[in-house]
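Presented below is the structure to which this report refers.
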Amino acid sequence: MKSFLIDRYRKGGALRLGESPEPALRENDVMVAVHGAGVNLLDSKIRDGEFKLILPYRLPLVLGNDVAGVVVRVGANVRRFKPGDEVYARPAQDRIGTFAQYIAMDEADVAMKPNNLTMEEAASIPLVGLTAWQVLVERANLQTGQKVLIHAGSGGVGTIAIQLAKHLGAHVATTTSTANIALVKGLGADVVVDYKEEDFEKVLQGYDVVLNSLGKDTLEKSLAVLKPGGKLISISGPPDPDFARQNGSGWLLQQVMRLLSSGIRRKSKRRGIRYSFHFMTANGGQLAKITSLIEAGDIRPVMDRVFPFERTNEALAYVETGRAKGKVVVTVK
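Structure representation (C-alpha cells):
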C-alpha cells in the first residue's frame, strides 16, 4: 500500500512516499480504508525525534495520528463494527500510521463517524477532540461556572477545547492573534486576549484551570492567572514523574522527567497550584461521547485546508508554520 514514511529521525526532513506492507489484522482489530487523515504538530515532532525516548518506534515508520475511513475487515473477536461502517479514530500511540491507504486498529480505540461530518471533517477531530476531553473533563473535572484559560484558541486543540468548555458551562478565556479574534469569539470564548497587544497574565486572574499548549514562558506566566488550588495542565511539556510512571518509563527516564519538570512543579507548589503534563491517549468510548456532541451541534470542526494525499509533505510544512486555523487534513481515498 502507498504510505508516507520516515526512515530515520531528522529535523525538518521530508517524508518518503513509498510502498509498505498492509498492516496485520489482530483478533480485536478493525482494518480501515483511510479516506482522510488529520495532520498534527505531533507528526513533525515524531519525525524530528523529539519523542524517541518515550515512544521508541521501529523504523521505517508510517506517520499519521488521525483517521476517518471505512471498515473493510474485522478480527475474529470484533463485535462493535462490521465491514462498511464509517468510523474515525486516533490510533494507539504504538500503532500510528494514518498517512497510508489502510490502517489496523483495536476496536476499543475506534468510534462511529459523526453522521453530520464529511470524512475530511471527521479526520480533523480525534486527536484534538480527545486531548480537549481528557484535559477538561477527565483531568480538570471542569464544572459549570468555573473559569478556564485556553491558550492558542485558534489552533487545533484550542478550537475544540473552547467549544467543549462552553458546553460544560465554564467561563472561557483564550489567547490568539488579532486576525483570529472573530473566530474564537464565534466558538464561544467569553474573553479574548490579543497576545500581540496585551499580556494575558496582567489582565486575567482568579482562574480555575489553564490548558497550555505553548512554550516555557507562557507556561510559567500562566501561574499568575490561576487562583490557589487551580490546575495548570500542559500538553506541550515538560513531562512530569506521574506521566513517566504511567508511560512505563524506566527509572532513569523517570528521573530525567522529574528533573525537566522540577522548576515548574516547584513554582506551582509555592502558589498552591497543581501542575501536570498530559499526553493524550486513544479512547473510542470518549470519542463516541464527542460524536454525540458533534451530532447535537455543540461542537463543530474548524478546518483550515485540505491537501491531496500526494502533497502530505506540504500539509505537514503548513502545519509547522503555526498559522493554521483549526486543522489541516489530507484526503486519501
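Each residue of the sequence shown is one higher than the one before, starting from 418 at the first, in our numbering. Glycine included, each C-beta is placed from N, C-alpha and C at the ideal position.
Environment of residue i [buried if 16+ CB atoms lie within 10 Å]
i: Gly572; result: buried
i: Trp550; result: buried
i: Thr561; result: exposed
i: Leu566; result: buried
i: Asn494; result: exposed
i: Arg740; result: exposed
i: Gly701; result: buried
i: Leu676; result: exposed
i: Gln671; result: buried
i: Val620; result: exposed
Residues that residue i bridges to, as DSSP identifies them
i: Val565; result: Val589, Val626
i: Gly435; result: Ser420
i: Leu478; result: Ile423
i: Lys408; result: Outside the displayed span of the chain (418 to 750) sits residue 408, for which this structure offers no information.
i: Leu649; result: Val627, Tyr692
i: Arg490; result: Met448
i: Pro725; result: Thr748
i: Asp511; result: Asp511 is not bridged to any residue.
i: Ile520; result: Val449
i: Val504; result: Gly486, Met529
i: Leu710; result: In the DSSP output, where bridge partners are listed per residue, Leu710 has none listed.
i: Gly680; result: Answer is none; Gly680 lacks a bridge partner.
i: Leu643; result: Tyr624
i: Ala454; result: Val747
Option in the options with minimal Cα separation from residue i
i: Pro473; options: Arg425, Gly430, Arg556; result: Arg425
i: Arg475; options: Lys602, Val449, Gln510, Thr548; result: Gln510
i: His452; options: Ala734, Val723, Gly603; result: Val723
i: Ser678; options: Phe696, Leu669, Pro658; result: Pro658
i: Thr393; options: Gly605, Gly702, Asn457, Ile711; result: Since the first and last residues shown for the chain are 418 and 750, residue 393 lies out of range.
i: Phe694; options: Ala557, Asn494, Phe516; result: Ala557
i: Ala713; options: Leu581, Asp523, Asp721, Glu439; result: Leu581
i: Gln563; options: Ala450, Gly623, Val504; result: Gly623
i: Ile681; options: Leu670, Leu710, Glu436, Thr635; result: Thr635
i: Lys750; options: Ala578, Glu537, Ser653; result: Glu537
i: Gln518; options: Glu555, Glu439, Val554, Leu459; result: Glu439
i: Pro601; options: Gly743, Phe516, Gly481; result: The question names Pro, but residue 601 in the sequence shown is Val. It is Gly743.
i: Ser709; options: Asp607, Glu637, Val589, Asn533; result: Asn533
i: Arg717; options: Ala578, Gly665, Pro655; result: Ala578
i: Val449; options: Arg691, Met522, Lys644, Lys469; result: Met522
i: Leu480; options: Leu422, Ile520, Glu444; result: Leu422
i: Leu669; options: Leu631, Ser685, Leu470, Gly689; result: Leu470
i: Asp715; options: Ser541, Lys583, Val574; result: Lys583
i: Ser653; options: Ala661, Gly632, Leu643; result: Gly632
i: Glu555; options: Asp721, Arg427, Thr698; result: Thr698
i: Ser630; options: Val574, Ile711, Gln671, Leu621; result: Val574
i: Gly689; options: Lys644, Asp607, Arg443; result: Lys644
i: Lys462; options: Gly667, Leu621, Phe660, Arg427; result: Arg427
i: Phe468; options: Ile711, Ala705, Ser666; result: Ser666
CA-to-CA distance, residue j to residue i, given in whole angstroms
i: Ile598; j: Ala569; result: 11 Å
i: Leu628; j: Ser651; result: 6 Å
i: Phe498; j: Val491; result: 7 Å
i: Met674; j: Gln663; result: 12 Å
i: Ala641; j: Glu618; result: 6 Å
i: Ser420; j: Leu559; result: 40 Å
i: Val527; j: Gly546; result: 13 Å
i: Gly466; j: Ala732; result: 19 Å
i: Tyr735; j: Leu649; result: 29 Å
i: Arg687; j: Gly646; result: 11 Å
i: Ile707; j: Gly486; result: 17 Å
i: Val719; j: Ala525; result: 26 Å
i: Asp446; j: Glu615; result: 49 Å
i: Val610; j: Thr593; result: 6 Å
i: Leu478; j: Gly514; result: 7 Å
i: Lys638; j: Asp625; result: 15 Å
i: Val504; j: Met529; result: 4 Å
i: Arg683; j: Pro656; result: 14 Å
i: Arg512; j: Thr548; result: 18 Å
i: Glu436; j: Met418; result: 5 Å
i: Arg464; j: Gly429; result: 8 Å
i: Arg691; j: Ile520; result: 38 Å
i: Phe784; j: Leu585; result: The structure shown has nothing for residue 784, since the chain only spans 418 to 750.
i: Arg728; j: Ala441; result: 26 Å
i: Arg443; j: Asp607; result: 47 Å
i: Val589; j: Leu434; result: 42 Å
i: Thr535; j: Ser541; result: 10 Å
i: Asp460; j: Gln703; result: 22 Å
i: Val489; j: Ile711; result: 25 Å
Integer-rounded CB distance, given that residue j should sit under 8 Å from residue i
i: Asp483; j: Gly501; result: About 21 Å separates the two Cβ atoms, so there is no contact after all.
i: Pro531; j: Arg507; result: Pro531 to Arg507, Cβ: 15 Å. No contact.
i: Lys613; j: Thr591; result: No, Lys613 and Thr591 are not in contact; Cβ-Cβ is about 14 Å, not under 8 Å.
i: Ala431; j: Asn730; result: 5 Å
i: Pro725; j: Val746; result: Not confirmed; about 11 Å, so no contact.
i: Leu553; j: Thr576; result: That belief does not hold up - the Cβ atoms of Leu553 and Thr576 are roughly 13 Å apart, past 8 Å.
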